[in-house]
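Under the working numbering, the first residue of the sequence shown carries the number -3, and numbering increases by one thereafter.
Glycine included, every Cβ here is placed at the ideal spot set by N, Cα and C.
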Amino acid sequence: MREREDGNNGVFVVFEGIDGAGTTTQADRYGSFLRGRRRLAHVTREPSGGPMGSLLRLVLTQRVNLPSRHRDATMALLFAADRLDHIEAEVAPHLRDGYVVISDRYELSSIIYQSIGLEDEGARADMIAWIRHANRHALKPDVTVVVDVDPEVAAQRRRARGGASELFEEPELQARLARAYLRADEIIGGDRLVHVDGNGDVDTVTDAIIRALEPYVGEGP
Ligand SMILES: Nc1ncnc2c1ncn2[C@@H]1O[C@H](COP(=O)(O)OP(=O)(O)OP(=O)(O)O)[C@@H](O)[C@H]1O
Ligand SMILES: [Mg+2]
């Protein structure tokens, strides 16, 4: 197990993708895989279970409305605040204890979802820079896994799953989100981003994720 500069011994892994890509399924399965290998693994998610995360869930399920003129900016700020709370309350303590912490969504979701509504490239770039600035105190993941799935496949999975639909679930918007995720390397550079094809069956995708993460998570402890 390596000792990191920030005092964390664990590994911080993030799963990202469009709605229905399978991030929740795969985060749980990867956590189980690691535990089967006798690793300490903690699976968590955004919005977190904390107070600001609970408010965000009410917004996502449209039971609370935000001011419509500045909805994206308000959401970005709420997510940034929830992120800092989540790190302090849950992520950092587990990393210090040597866990592999797996977060179902993180900063990349904020950057992509809260800027996707802007058609103008310049306005979108400004929004992305502003969101990144708002998140400058948020711990950087060791690796972010983007589970790339065709929007039609993801829509079919959401339909099969059932439940109430959330904000952002219109097909045109999901197609734009999928394209933005394919270009995630413009946001997270270097070796901290991996793409995995999420279109296959659950086991095939889990196997691909295990292979992709092996260099980051290793055989440890
Ligand atoms: N590879 C797969 N093949 C078939 N079905 C899948 C696959 N991965 C997940 N599913 C199913 O698709 C549905 C959506 O998966 P899941 O809830 O994990 O997606 P998600 O990315 O977390 O969605 P959301 O962004 O809405 O939280 C679930 O019913 C799940 O069992
Ligand atoms: Mg999910």
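Residue i to residue j span [Cα, whole Å]
i: V213; j: D181; result: 20 Å
i: L80; j: A208; result: 27 Å
i: R157; j: A17; result: 12 Å
i: I205; j: L36; result: 18 Å
i: T200; j: I98; result: 19 Å
i: G159; j: R153; result: 12 Å
i: E117; j: L54; result: 30 Å
i: L136; j: V7; result: A small correction: the amino acid at residue 136 is Lys; Leu does not occupy that position in the sequence shown. Answer to the nearest angstrom: the Cα atoms are 11 Å apart.
i: D203; j: R101; result: 20 Å
i: V190; j: V143; result: 9 Å
i: R188; j: E84; result: 22 Å
i: S64; j: D93; result: 42 Å
i: L30; j: V198; result: 17 Å
i: I183; j: T140; result: 11 Å
i: V96; j: S28; result: 11 Å
i: P211; j: H133; result: 26 Å
i: N5; j: R34; result: 16 Å
i: D138; j: G185; result: 12 Å
i: D24; j: R155; result: 20 Å
i: G32; j: G46; result: 28 Å
i: A174; j: Y26; result: 22 Å
Residue i burial status per 10 Å Cβ neighbour count (16 or more: buried)
i: R179; result: exposed
i: V222; result: Residue numbering for the chain in the displayed model covers -3 to 217; residue 222 lies beyond these limits and cannot be assessed.
i: G49; result: buried
i: M(-3); result: Because the pLDDT of M(-3) is 43, which lies under 50, any placement of that residue in the model is unreliable, and the number read from its coordinates should be weighed accordingly. That one is exposed.
i: H82; result: buried
i: A121; result: exposed
i: A119; result: exposed
i: Q58; result: exposed
Integer Cβ distance of residue i from residue j, believed to fall under 8 Å
i: E103; j: N131; result: 5 Å
i: I124; j: A176; result: Not quite, the Cβ-Cβ distance comes to about 10 Å (not below 8 Å), so this is no contact.
i: R56; j: E162; result: Checking the sequence, you will find Leu at residue 56 rather than Arg. Correct: roughly 5 Å between the Cβ atoms.
i: A78; j: L62; result: Looking at the sequence itself, residue 78 is Asp, so the reference to Ala does not match. Not quite, the Cβ-Cβ distance comes to about 14 Å (not below 8 Å), so this is no contact.
i: S106; j: A76; result: 7 Å
Residues that residue i bridges to, as DSSP identifies them
i: F11; result: D100, V141
i: V192; result: V143
i: V213; result: Answer is none; V213 lacks a bridge partner.
i: A37; result: V96
Three CB pairs or more closer than 8 Å across the region 89 to 96 and the region 169 to 181:
no
Stretch-stretch touch, CB-based, cutoff 8 Å, three pairs: the region 62 to 74 with the region 9 to 29:
no
Kindly confirm or deny that the region 191 to 198 and the region 16 to 33 touch, where touching means at least three C-beta pairs closer than 8 Å.
yes
Are the region 110 to 119 and the region 137 to 149 touching, with three or more C-beta to C-beta distances below 8 Å?
no
contact_flag[the region 24 to 41, the region 114 to 129] where n(CB pairs < 8 Å) is 3 or more:
no
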